[in-house]
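Chemist: Protein sequences appear in the order of chains A and B. Position one of the first sequence corresponds to residue 195 (my numbering), numbered consecutively onward. Position one of the second sequence corresponds to residue 195 (my numbering), numbered consecutively onward. Just so you know, even glycine gets a beta-carbon here, dropped at the ideal spot from N, CA and C.
2 protein chains.
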Amino acid sequence: MPFPQTEVPGRLQAELMSRGLRMTRQRRTILSVVETAKQHLDAAQILRHARKIDPQIDRVTVYRTLALLKRHGLIDELDLMHMQGEKHFYERRPQRDHIHMACLRCGKIMEFESDLFDRLKGQIQRDCQFHIVVTRLEVGGYCSRCRTAKPD
Amino acid sequence: MPFPQTEVPGRLQAELMSRGLRMTRQRRTILSVVETAKQHLDAAQILRHARKIDPQIDRVTVYRTLALLKRHGLIDELDLMHMQGEKHFYERRPQRDHIHMACLRCGKIMEFESDLFDRLKGQIQRDCQFHIVVTRLEVGGYCSRCRTAKPD
DNA sequence: TTTCCTCTTGCAACTGAGTGTCAACAGTGT
DNA sequence: ACACTGTTGACACTCAGTTGCAAGAGGAAA
Numbered sequence: 195m196p197f198p199q200t201e202v203p204g205r206l207q208a209e210l211m212s213r214g215l216r217m218t219r220q221r222r223t224i225l226s227v228v229e230t231a232k233q234h235l236d237a238a239q240i241l242r243h244a245r246k247i248d249p250q251i252d253r254v255t256v257y258r259t260l261a262l263l264k265r266h267g268l269i270d271e272l273d274l275m276h277m278q279g280e281k282h283f284y285e286r287r288p289q290r291d292h293i294h295m296a297c298l299r300c301g302k303i304m305e306f307e308s309d310l311f312d313r314l315k316g317q318i319q320r321d322c323q324f325h326i327v328v329t330r331l332e333v334g335g336y337c338s339r340c341r342t343a344k345p346d
Numbered sequence: 195m196p197f198p199q200t201e202v203p204g205r206l207q208a209e210l211m212s213r214g215l216r217m218t219r220q221r222r223t224i225l226s227v228v229e230t231a232k233q234h235l236d237a238a239q240i241l242r243h244a245r246k247i248d249p250q251i252d253r254v255t256v257y258r259t260l261a262l263l264k265r266h267g268l269i270d271e272l273d274l275m276h277m278q279g280e281k282h283f284y285e286r287r288p289q290r291d292h293i294h295m296a297c298l299r300c301g302k303i304m305e306f307e308s309d310l311f312d313r314l315k316g317q318i319q320r321d322c323q324f325h326i327v328v329t330r331l332e333v334g335g336y337c338s339r340c341r342t343a344k345p346d
């Protein structure tokens, strides 16, 4: 996911405010959690982190804030190939889309940017006359470490 | 999704039997539903269709059979950008992977095959030394009919 | 600073997809 | 037909996410 250090802290908050949305104590908390996350977090993990800062925060507020951020295109929702049940994971939307690769053996999530991916998106827009808002490319398989000993 | 008419009827059943799995009445029913589906169906829809053929069939059996087919790589599971809640949709695994495009306005699902997509997968395998088992590329946006009048 | 409007929150109850357990059942090879 | 073993159906359960509503809190205007 985008390195926290390459991002301006408070960017999500600034974006929401510039859109005229109310900046509440709870939203600030949840935004800071999402913004400083070092892995992909699901809603329950975001709630746990947020409660370390503000123990009163409710899980409903987390869901609502994530929905808000998603609606405004500020975060992306990932499934990570449903490797850990049906939960969804979240990450700040990066400058450039990337691919998520999930190792079916060790569970590691890897990310990959590619010109071909960018070109593929361009082809879709042109050939299908489809205006792309969001993309999600997830790949399941075996990472270099696990591929030599893959199951069944 | 792959046109039913281009597929050998009973292919899924033949595949499962060749893998030494028991061919029960219920499995035959569910397989035929999946094989002849004309759109992407979720588990509940597959159950409903299956019950028209065999009213005794239980939803647990549908879930178990879908899991079996998925485990054997005979069907793919789709999220279709979570446009209709959290349900998952299923389709026979086609010869060649394709991209799913979901119109955020009218809900239409379109499919697209692309050499660039095939090349991208090759690049991932090479550059990341990642052995790909399954891919899912879903795109959300606005189709040609809806793009002129897209919301907010 | 205080007021007031409106949006947001927390709570509780709910929904709906999917899972685990276990006794009864039914394929399949002999 | 038998017996072994994998499969099914019923039921209760889990867990992510949603809804409705009264109370609370931004923040713009006075």
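For chain B, is any of its Cβ atoms less than 9 Å away from the one on C322(A)?
Modeler: Your numbering for residue 322(A) matches position 128 in the first sequence. Interface residue, yes.
Chemist: So that I know if they touch, is there some Cβ in chain B lying closer than 9 Å to that of G279(A)?
Modeler: As a working note, residue 279(A) is residue 85 in the first sequence. No, no contact with chain B.
Chemist: Quick one: which chain B residues come within Cβ less than 8 Å of G301(A)?
Modeler: Indexing the first sequence from 1 puts residue 301(A) at position 107. Within 8 Å Cβ-Cβ: nothing; G301(A) doesn't reach chain B, min ~14 Å.
Chemist: Have a look at C340(B), G267(B), E209(B), H282(B) and flag the residue whose alpha-carbon is nearest the alpha-carbon of D291(B).
Modeler: Stepping through the second sequence from its first residue, residue 291(B) is reached at position 97. Answer by Cα proximity: G267(B).
Chemist: For L274(B), which residues from the same chain have a beta carbon less than 8 Å from its beta carbon, with the 5 sequence-adjacent residues on both sides left out?
Modeler: Locating residue 274(B) in the second sequence gives position 80, counting from the first residue. Result list for L274(B): H234, F283, H294, A296, I303, E332, in chain order.
Chemist: Measuring CB atoms only, is the segment 250-268 of chain B touching the segment 311-320 of chain B, in the sense that at least three cross pairs come out at less than 8 Å?
Modeler: In this structure the segment 250-268 of chain B does not lie against the segment 311-320 of chain B, because fewer than three pairs of beta carbons, one per stretch, are closer than 8 Å.
Chemist: Checking contacts by CB at 9 Å: is S338(A) closer than that to chain B?
Modeler: Mapped onto the first sequence, residue 338(A) falls at position 144. It does: the Cβ of S338(A) has a partner Cβ on chain B nearer than 9 Å.
Chemist: I need the DSSP call for I251(B), collapsed to helix, strand or coil.
Modeler: Here residue 251(B) corresponds to residue number 57 of the second sequence, with the count starting at 1. Correct three-state label for I251(B): coil.
Chemist: Please work out which residues of its chain come closer than 8 Å, Cβ to Cβ, to E305(A), disregarding the five sequence neighbours upstream and downstream, and give them in chain order.
Modeler: On the first sequence, residue 305(A) is found 111 positions in, with the first residue counted as 1. Around E305(A): M195, H292, I293, H294, M295.
Chemist: Put R330(A) into one of helix, strand or coil per three-state DSSP.
Modeler: Within the first sequence, the letter at position 136 stands for residue 330(A). In the structure shown, R330(A) sits in a strand (DSSP, three-state: E or B).
Chemist: Classify H276(A) as helix, strand or coil using the three-state DSSP reduction.
Modeler: As a working note, residue 276(A) is residue 82 in the first sequence. H276(A) falls in the helix class under three-state DSSP.
Chemist: E271(B) CB to nearest chain A CB: under 9 Å?
Modeler: Looking up residue 271(B) in the second sequence gives position 77. Chain A contact via Cβ: present.
Chemist: Note the first and the last residue of the continuous alpha helix (DSSP H) segment covering C322(B).
Modeler: Against the second sequence, residue 322(B) aligns to sequence position 128. Residues 309-322.
Chemist: Which stretch, first to last residue, makes up the beta strand (DSSP E) that contains A296(A)?
Modeler: The residue labelled residue 296(A) in the question sits at position 102 within the first sequence. Per DSSP, A296(A) belongs to the beta strand (DSSP E) from 293-297.
Chemist: Out of K246(B), R253(B), R242(B), D312(B), point me to the one whose CA is closest to T329(B)'s CA.
Modeler: Here the question's residue 329(B) lines up with position 135 in the second sequence. Of K246(B), R253(B), R242(B), D312(B), the residue nearest in Cα terms is D312(B).
Chemist: Buried or exposed for L241(B), please, with buried defined as at least 16 other CB atoms from any protein chain shown within 10 angstroms of its CB.
Modeler: Counting from 1 along the second sequence, the entry for residue 241(B) is found at position 47. Per the 10 Å Cβ criterion, buried.
Chemist: Use the C-beta contact count for T342(A): other C-beta atoms within 10 angstroms, 16 or more gives buried, fewer gives exposed.
Modeler: Mapped onto the first sequence, residue 342(A) falls at position 148. Per the 10 Å Cβ criterion, exposed.
Chemist: Does R330(A) get closer than 9 Å to chain B when you measure Cβ to Cβ?
Modeler: Residue numbering aside, residue 330(A) sits at position 136 when the first sequence is read from its first letter. It does: the Cβ of R330(A) has a partner Cβ on chain B nearer than 9 Å.
Chemist: State the Cα-Cα distance for the pair L260(B) and T218(A), rounded to the nearest angstrom.
Modeler: Position 66 of the second sequence, counted from the start, is the residue given in the question as residue 260(B). Position 24 of the first sequence, counted from the start, is the residue given in the question as residue 218(A). The straight-line gap from Cα to Cα measures roughly 44 Å.
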